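What follows is a single structure, written as structure tokens, with notes after it.
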Amino acid sequence: MRDLATEFEAERGRLLVVARRMLGSRSEAEDAVQETWLRYAGALADPAARAEIRELSAWLTTTCARICLDVLRSARVRREAYPGQWLPEPVVSPLDAGPPTGGYAPDPAERAVRTDQVGTALLVVLERLAPEQRVALVLHDVFAVPFARVADVLGTTDAAARQLAVRARRAVTAPDVPRHTADPGEQRRVLEAFVTATESGELDQLLKVLAPDVVFVGDSGGHFPSARRPVLGAEAVGRFALGLFGQAGRYAGGVLARLVLVDGVLGMQMEAVHSDGRPIRLVTAFAVDQGRITAIYNQINPEKLADLPPLGADDGWPPRW
């Protein structure tokens, strides 16, 4: 059993990335990986059974993917009853935790483990997909799993698995999907312009930073007032953003804010005191394309932000650049 545990721990980080890509939830991903360990320990405790597994990484990936598929099928029912809009749990990391400057690792799975760069925009789009489409896309396109193995996970044929991935690709590149193509330098310039514009209170200035078809999505989980539907269009989003961020300095006790990476993309972490006296945490992610913001994702559900690192007295508003 000690040998099994050692082998599994060597794969745990990669499995967590696989599971989170599929589920969009860190807690659900951790549960899926733990269930993978239980199945692994139960099925392969016999040395003879372990000896029959030539590619342990492939066996674990397949097992984890099947567990995630079951979770996705049940999650669709749960999220239909979710209060308001749903956003994934953000992975928040410091600015110096970006991708290695020496380039990406050649293996897709290793690259994903090292960078965790998908962005909130892609995770939100993945929620549109049927569970089978999402599994096919993530396994094949992100982790380079052959379609024969994808078909095995899904209980279908190679051709059917391939078609599921094709349909998924079309969905994530559809014209109405917010685009995110900006490199870190462009992200910083646009986000700084956004903060400056909201501080000015001038809608015309803010509109220069927003794409005409920009969308604002907020997830409070029913804990705080929030738009129950996406806010669409530059003027509507601009007015909404001015009301939300333009009054940041007026919160009782002020606002703490820090620039962070949110799912590998530049964003903000904030803390304040709500008008009813409750502490409130926010994590805001942005999608940026051609010098303008195409989407703003505002996560304020405290159940999804419990593990955030605390902000300090030096993290004032506006955030330091």
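Numbering (UniProt numbering), first residue to last: 1 to 321. All C-beta atoms in this analysis are idealised placements derived from N, C-alpha and C, irrespective of residue type, glycine included. As the structure is a prediction and not an experimental result, all values here were calculated from the model.
Residue burial is scored here from C-beta neighbours: glutamine 34 has fewer than 16 other C-beta atoms within 10 angstroms and is therefore classed as exposed. Straight across, the Cα-Cα distance linking arginine 66 with leucine 154 is about 7 angstroms. Contact between asparagine 298 and glycine 238 is absent: CB atoms are separated by about 14 angstroms, not below the 8 angstroms threshold. In the structure shown, alanine 10 adopts helical secondary structure according to DSSP, grouped into three states. For glycine 185, there is no enclosing beta strand (DSSP E); the residue is found in the alpha helix (DSSP H) stretching over 184 to 200. When only Cα atoms are considered, threonine 196 and phenylalanine 216 end up about 18 angstroms apart.
Bounds of the alpha helix (DSSP H) holding valine 172 are 158 to 172. Within the same chain, Phe216, Ala227 and Val231 come within 8 angstroms of phenylalanine 240 by CB-CB distance, once the 5 residues on both sides are set aside. Looking only at Glu199, Leu261 and Leu191, the smallest Cα-Cα distance to valine 288 is reached by Leu191. In the DSSP assignment, valine 260 forms a beta bridge with Gly267. Per DSSP, aspartate 213 lies in no alpha helix (DSSP H) segment; the continuous beta strand (DSSP E) that holds it begins and ends at 210 to 219. Taking 9 angstroms as the cut-off, the Cβ atoms of leucine 305 and glutamine 187 do not count as close. With a 10 Å radius around the Cβ and a threshold of 16 neighbouring Cβ atoms, serine 220 comes out buried.
Looking only at Asp141, Ser275, Val177 and Pro88, the smallest Cα-Cα distance to threonine 284 is reached by Pro88. When the beta-carbon positions are compared, isoleucine 296 and valine 214 come within less than 9 angstroms of each other.
In summary, proline 225 is exposed, with fewer than 16 beta-carbon neighbours lying within 10 Å of its beta-carbon over all protein chains present. Taking the CA atoms as reference points, arginine 39 sits about 20 angstroms from valine 135. The DSSP assignment places no complete beta strand (DSSP E) segment of no fewer than 3 residues inside the UniProt domain "RNA polymerase sigma-70 region 2" (8 to 76).
For glycine 119, the three-state secondary structure derived from DSSP is helix. For leucine 207, the enclosing alpha helix (DSSP H) stretches over residues 203 to 207.
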